[in-house]
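Here's the structure, in structure tokens; my notes come after.
Structure, rendered in structure tokens:
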């Protein structure tokens, strides 16, 4: 039997175990959230998703309240509107970003949406981590709203528990053990903390804050292991004399791809090689002097065709071998085997990781 | 979390507090992540400042007794002293915590208090008392035996007839909690004693533990046998250590003693359960309530010390008898009273006495009554005109206050209300767990705004909004009530807030 | 790969990555998943957190073994003893799925007969895993409905790698843990497109789609499609090519691999390369092999070209161009098309999308997949035979693809090289989280390199004491094939008598040491077991604390 509940006067079906937030989101009813992430256990800590449930005196967090048969839920009325506006105004009072680049900050966007303005101004009490020496991840304590998405991601998804909520009250902050640098912790630099942070308190050292309008995003597949994580290369198209430069890697939203929004250190941070000065940029041919010399593509390709022909002439067609690559694309592997078989007449073709 | 993790706070303590490297050492020993250990240690004041030996109470009653001067004179000479939240010694101010020994400041000396001193001043024995703090401890187990004879259902009926409500502050009917736990399908159940007394102005549980441990142990055993639990955990305030024993077994029930490490919020029952499990003491969302998912997610009966201590006499003399002890609500009640009264102490009186009656028991006023706080810092302030209002749950709720833990602080004409309110606000800002924004930010905003108002006359224009949102948006009772000291003071003493 | 094609009819993960979180018993063998496949590792952690039973079989302590219900710390190379003994227990205790066996398999009797001799007690002697643990693992695996096996190169990089895969397949078939969500057998591919390269026919025995070159139907199909005559004789596999280098093999084209760093026993290979008449390297960086090249062609990275990668779960996903290639570098596919044209071929292909379309024309399994469709719908999992087919999440759901799952009776054969007086240690090699293969990419990334800047070899404290070695000391590790010098990392992560080192570092090339004996079927080399000696050569301190070490 299907179960139903009522949200804002309309009836919706749900299955056991779904939260009010999930039912609402599935049906296009907007409820603001800051600490929610579908990969993480609901904690109801940010308080932005509070709604009214008939029969309950107190407002209740939609993320942490299970849908119940016959429940009557209100997601918007004068009381909830006042709550949202005041709550966000209080967050803003404790979010002294001042002249900092505002970047992509969910709190500021939400505050604009609900017409919230700072209710006073506090100087952030949260301690930062001065010894946080690592190449990738920056923590700006002032921007932190203690939604603990990063901490919970680190524990519940990445499972390394490198960071924790530390201290208490307004001194609460995000810290490693003894406030050491991430490199001296169990952190595996997956960057999930950066990805889940709503305000940019956790950010990538490189490429942030860069406005969306200055970059383009290209969805592609990671080139490291066989998981096939989908990722978005954030490209500054004007860099490198118009060649473009990958400024950072974002993960797609949770639930949208195989990797469920997750990436590892190599996927998220391992694209620096693309612009490395060691890259081969010109065809090279070994000369009589035994050294490699720059050549044109025309010269190089002619040399290859001649060289292969000579080998086959002298030693037979199976004296030629083709090592293809599991790093290259399906299409390129197809072309190598077709080249070997259809053009050079040999089945001596194998990819480098044929296990 | 594993049960091994529940040992983390103790391990930190045994390594001398959260010094650099301690988290890593414990991690290597236990396999628990070092960040988690650090997060836990950094939450508790008695763990996160290992070099502080002396702590001087800055609660309202102690401030009335000049504790800020104590802090000044005690520091230096290589001794590191720091201010701290209410130490539950409001009757013998100024209170000082020497490591974990509850002490008082007497003639420039830190004087440790023995069990007798910790009992404090109490009412003389009378027959119409459920606890009778002045009475002789009685280890005959008469009530326990009687409860076992009666059987669980009969005991529950007696309990229902008694009208006993939780004495920790929330005032929930006890028999409903017991039945909720008993009715769970899960057969592993726990009893937890909340002895983490910390509400400013309250020290009654300290008095019970010092004077009538018999009542507590017998009450807990009865509770365990009735709801079907084999384990009782006592979570006591770190400062009460001298009153506590080691783990023991009693009449087939295992008693586990667990020291708190300095966090007011752990008096909130779900925060207490978190702390017991070795976590940061941050309140859980309710529901689920502890009766269905409590300690280690098992059905758990959590009771305050005083509630439990009422049980033996209820069993012996019946529910109706206990109900009859109260004037406006059932039972006799322990009132802690301190501040401007002659004889601060813990007095057992009919529930619903007035302030004047209570103060009479405490030897009379010092000076002229100006205001009082009827139920701990969370209850805010009431003006002298409310001196004849019954000190019970219903009557106090009518004026936007509450009975709470019945920690009464009396203020006379010498006290400035903005000053008093500021101290309570600072207490809440200090003790907020930090989990939710309305409380974490709101307590600080209010304290900040009041400070500026006092120094430069800045308007208190955000108070209403902030207080409203703290009440609506906070997860637990701390944040929901923390604005009350200021809003009530502004309501009853408006002239003191406009320059 | 070949083992799975033979037994099941398809060489790929039978489940999908998204199913891992719902598995109730994970049997992870020969896979340091959290380092080699971190994001699949996250799914495993998620399952374990949820309460799934996690069984890890690995000679080393690894991250997953720290959260496992039990860690079977087997002696390297003794997998067959462990797996056959588990089969022994399952059969002896009547835990087989007889209905599944009857309906979906053949040759079960042969396995019953063979494993009878593999008692847990005897297996304990050989593997070092207690009989109790073997029984527990067998029972737990057999009696959990959603039980899935995950393996990587720890299973395949042995001279008997195909045997190992077949032994795993036997467990799957006898328990019927196949063709269901969250139950199956799952090889995790080490590289982004191992699956896709295999699918595309980069193999001496298969055309695209696993159609054998000596199958005359397939041969005729491709002869017609390509308009040429094709050779039905299978070619040399990689291992054979490396051994025949400079002998039978005189010309070589290498695309995107540093064979001198990646292939085993490179001392021998380098000699062979000197005898090659003509070597072409097509790559993005100069590497150890370019020293031997006659022509070097600058190619593009994944961020500079269009195409597809196929991941471990058979999902074909798009690679898209984000930036322009540097200098005159060109996309590999376009270089290959030019080469074919210059060699006289008349191919009319102009884009990766067209190449893909040509490929799927003759392969039913991929026929429904196209670039255009992936762009519209996202990645697609084969089998996907028609444009309206949604793709296949779980393999063998409608019955085993091969028709009948084939049981294969496997007898234990020791690794080809065992410890002896001169080489008393068992050396295994592998990957770490922070580097990738020959590390041409990762060691050019500052952050990854700072987390793990130098090569190391893991040694148990007891062995270290005898060798007078402390962490950070320089040691020489030698085998019958060569010697490298690197830093010692003293850790209980390895058992006494065993050492482990990563293969990422060109200044300490693990593959100077490894044995190039290949699996008889796939040619995959025995990277996981060879006999080695360790000698201290200098004192010092390491720049970094090393890989994740479990103390």
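Protein chains in written order, with the numbering used here: chain A, 6 to 360; chain B, 702 to 1200; chain C, 11 to 561. Don't be surprised by glycine CBs; every beta carbon is placed ideally from N, CA and C.
Query, Result
"Minimum Cβ-Cβ distance from residue 267(A) to chain C less than 8 Å", "yes"
"Outcome for residue 184(C) when other beta-carbon atoms lying within 10 angstroms are tallied against a minimum of 16", "buried"
"Residues near residue 345(A) by beta carbon distance below 6 Å, same chain, minus five either side", "327, 351 and 354"
"8 Å Cβ cut-off: residues of chain A touching residue 343(C)", "334, 336, 337 and 340"
"With 16 other Cβ atoms within 10 Å as the buried cut-off, status of residue 1082(B)", "buried"
"Residue 346(C) at chain A interface by Cβ criterion, 8 Å", "yes"
"Closer than 8 Å at the beta carbon, the chain E residues around residue 1169(B)", "The chain inventory of the structure shown lacks chain E, comprising the protein chains A, B and C."
"Residue 1124(B) vs residue 704(B) beta-carbon contact at 8 Å", "no"
"Element boundaries [alpha helix (DSSP H), containing residue 573(C)]", "The question about residue 573(C) has no answer, for chain C in this structure spans 11 to 561."
"Whole-angstrom distance between residue 113(C) and residue 533(C), CA atom to CA atom", "33 Å"
"Opening and closing residue of the beta strand (DSSP E) in which residue 334(A) lies", "That residue, residue 334(A), is in no beta strand (DSSP E); it is neither H nor E in DSSP."
"Chain-ordered neighbours of residue 353(A) on chain C, where CB pairs are closer than 8 Å", "214, 245, 246, 251 and 259"
"heavy atom of the ligand SAH below 7 Å from residue 318(A) C-beta", "Here there are no bound small molecules, and the ligand SAH is not part of this structure."
"Touching by the beta-carbon criterion (3+ pairs, under 8 Å), the region 321 to 332 of chain C and the region 317 to 333 of chain A", "no"
"Buried or exposed by the 16-neighbour rule on C-beta atoms within 10 Å, applied to residue 1073(B)", "buried"
"Simplified DSSP assignment, three categories, for residue 220(C)", "helix"
"Alpha helix (DSSP H) segments (min. 4 residues) lying fully within the region 1111 to 1138 of chain B", "1118 to 1132"
"Interface flag, residue 68(A) vs chain C, CB-CB below 8 Å", "no"
"For residue 24(A), the residue or residues it bridges with in DSSP", "71(A)"
"Burial state of residue 360(A) (16 or more Cβ within 10 Å)", "Confidence at residue 360(A) is low in this model, with a pLDDT of 43, below 50, so the placement of that residue should be treated as unreliable; the coordinate-derived value is given next. With 16 or more Cβ atoms within 10 Å of its Cβ, residue 360(A) is classed as buried."
"Sheet register partners of residue 221(A) (DSSP bridge)", "240(A)"
"Positions along the region 933 to 944 of chain B whose CB lies within less than 8 Å of some CB in chain A", "none"
"Chain A residues whose Cβ lies nearer than 7 Å to that of residue 320(C)", "335"
"Close-in-space but distant-in-sequence residues of the same chain around residue 724(B) (CB under 7 Å, 5 per side omitted)", "735, 738, 739 and 742"
"Given residue 1093(B) as reference, the closest of 1120(B), 1061(B) and 1053(B) once Cα atoms are compared", "1053(B)"
"Secondary structure of residue 351(C), DSSP reduced to three states", "helix"
"Neighbouring residues, chain A, relative to residue 1173(B) (Cβ below 7 Å)", "64 and 88"
"For residue 558(C), the three-state DSSP class (helix, strand or coil)", "A caution first: residue 558(C) carries a pLDDT of 33, below 50, which makes its placement in the model unreliable, though a value can still be read off. Three-state DSSP puts residue 558(C) in coil, outside helix and strand."
"Contacts around residue 859(B), its chain only, beta-carbon distance under 8 Å, and the 5 residues preceding and following it disregarded", "851, 1015, 1016, 1019 and 1020"
"Chain C contact for residue 230(A) (CB, 8 Å cutoff)", "yes"
"Length of the line joining the Cα atoms of residue 23(A) and residue 72(A)", "6 Å"
"C-alpha gap between residue 1047(B) and residue 912(B), whole angstroms", "11 Å"
"Reduced DSSP secondary structure (H/G/I, E/B, other) of residue 302(C)", "helix"
"Contact with chain A by residue 736(B), beta-carbon distance below 8 Å", "yes"
"contact_flag[the region 175 to 182 of chain C, the region 60 to 67 of chain C] where n(CB pairs < 8 Å) is 3 or more", "no"
"Option nearest residue 816(B) by Cα separation, candidates 864(B), 722(B), 853(B) and 908(B)", "908(B)"
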